[in-house]
Amino acid sequence: MTAESPTMRAAVIDRFGPASELHLAEVPKAFPISAELLIEVHAAGVNPIDVKTRTGRGVAAAVPGFPAILGSDVAGVIASVPHAAFPMRVGDPVIGMIPVPRTSGSLAEYAPISPLSVAPAPRNLDLVEAAGLPIAALTAYGALHDGAAIQAGQRVLVHAGAGGVGHLAVQLARLAGAEVIATASARNHDFIRELGAQRVIDYRTERFEDAVRDVDAVIDLIGNVHDRTGSRSLRVLRPGGVIVNVPSGSWPGFAEEVAAAGIRGTEYRVAPDGRRLAELVGLVERGELRVHLEEVYPLERAAEAHAAVESGHTRGKIVVRVRPE
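Residue numbers (my numbering): -10 to 314.
Below, the structure written as structure tokens:
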């Protein structure tokens, strides 16, 4: 396909439903408006919010129509800028977070995005690796620092410590000087310890609330969708501690239950933030933060990528390669 083609390849859904609804299609080429950039997409991270939206949950109510292009994480190069004097340049490699479904997503060869939502791609990663960073890193950082206001010397429990957000939260908590405890399956224990966790609990064989007490903060990346993990977490917090619930819709009645327990609690929802993302890129370039990719799928296998994330048992991130190697 040439740059002048009026169409592009994309993985789309024609209705809400299972991962199999995702299929390859030729659709009108995305275009920027006003001050937006147009990104030539090289890779797209897959996140739980993408999966929820595909099923009709998440932010599905805002999908304007079908076929719909999902995908919020984007890594690529700038294909067009708003004007000749713009500080970013065509060809610059960038990563960012697209506010899907207000804008069509990154499971396509081109995607529009606000320049306020992008950062220069890490110079020490290729664009496929970099695609796993934006939403997960922004979420991990925000949950720890905005939600929990974590301080050096505090004890932090990270649930699902090997997952996309979790493995970055473990690293960022250690960088903040916290003592890190994480829950994960046994196969991921060595992986999480290498990332900096001082203690890892196998949630399949040990009740974390029997093993841990008096933590300052819980980063809840599960909620009550599995074995009432969120509710059980209230028992491990010290007086004055805080629990931060991240997955949308994962804990109905969260605010009421936290209040009844006399615990501080907040939900955290990530937002595009190019400046903060640039700071996180700096950590990656200095070797202080790394993103782990579990698997990379080509665009035509986007349905498999969604199914992998939906399984809830991936280590690190799942990424879709939009353009051939």
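Yeah, the Cβ is synthetic: ideal placement off N, Cα and C, and Gly gets one too.
| Query | Result |
| --- | --- |
| Burial state of His31, where buried means 16 or more other Cβ atoms lie within 10 Å | buried |
| Which residues DSSP lists as bridging Glu98, in chain order | None; Glu98 has no bridge partner. |
| Between the CA atoms of Ala294 and Val285 - distance to the nearest angstrom | 8 angstroms |
| Any 3 or more C-beta pairs closer than 8 angstroms across the stretch 178 to 185 and the stretch 195 to 208 | no |
| Asn234 - partner residues in DSSP beta bridges | Asp209 and Glu256 |
| Local Cβ density within 10 Å of Ser9, reported as buried at 16 or more and exposed below that | exposed |
| N-terminal and C-terminal residue of the alpha helix (DSSP H) that Leu72 is part of | Per the sequence shown, the amino acid found at residue 72 is His instead of Leu. It is not in any alpha helix (DSSP H) - His72 carries neither H nor E in the DSSP assignment. |
| Cβ-Cβ distance between Ala110 and Pro82 below 7 angstroms | yes |
| Proximity below 7 angstroms, CB of Ala173 to CB of Ile139 | no |
| Buried/exposed call for Ser239, threshold 16 Cβ in 10 Å | buried |
| Sufficient close CB pairs (3 or more, under 8 angstroms) joining the stretch 51 to 61 to the stretch 70 to 79 | no |
| Boundaries of the beta strand (DSSP E) in which Arg(-2) is found, first to last residue | Thr(-4) to Ile2 |
| Start-to-end residues for the beta strand (DSSP E) that takes in Ile84 | Pro82 to Met86 |
| Contact belief for Gly263 with Leu105 at Cβ below 8 angstroms, rounded distance in angstroms | 5 angstroms |
| Cβ-Cβ distance between Pro236 and Gly212 below 7 angstroms | yes |
| Among Lys41, Leu96, Pro37 and Asp39, nearest to Ala64 - alpha-carbon criterion | Leu96 |
| Neighbourhood of Gly305 by C-beta distance below 8 angstroms, restricted to the same chain and skipping five residues each side | Gly121, Ala151, Gly152, Gly153, His156, Val280, His281, Leu282 and Glu283 |
| Residue closest to Leu302, alpha-carbon to alpha-carbon, out of Val145, Arg176, Gln187 and Ser69 | Reading off the sequence shown, one finds His at residue 302, where the question assumed Leu. Closest option to His302, Cα to Cα, is Arg176. |
| Paired residues, beta bridge with Ile307 - DSSP | Val35 and Glu284 |
| Rounded straight-line distance, which links the Cα of Pro90 to that of Phe55 | 11 angstroms |
| As assigned by DSSP and simplified to three states, the class of Val79 | coil |
| Cross-strand partners of Arg188 (DSSP beta bridge) | Ile170 |
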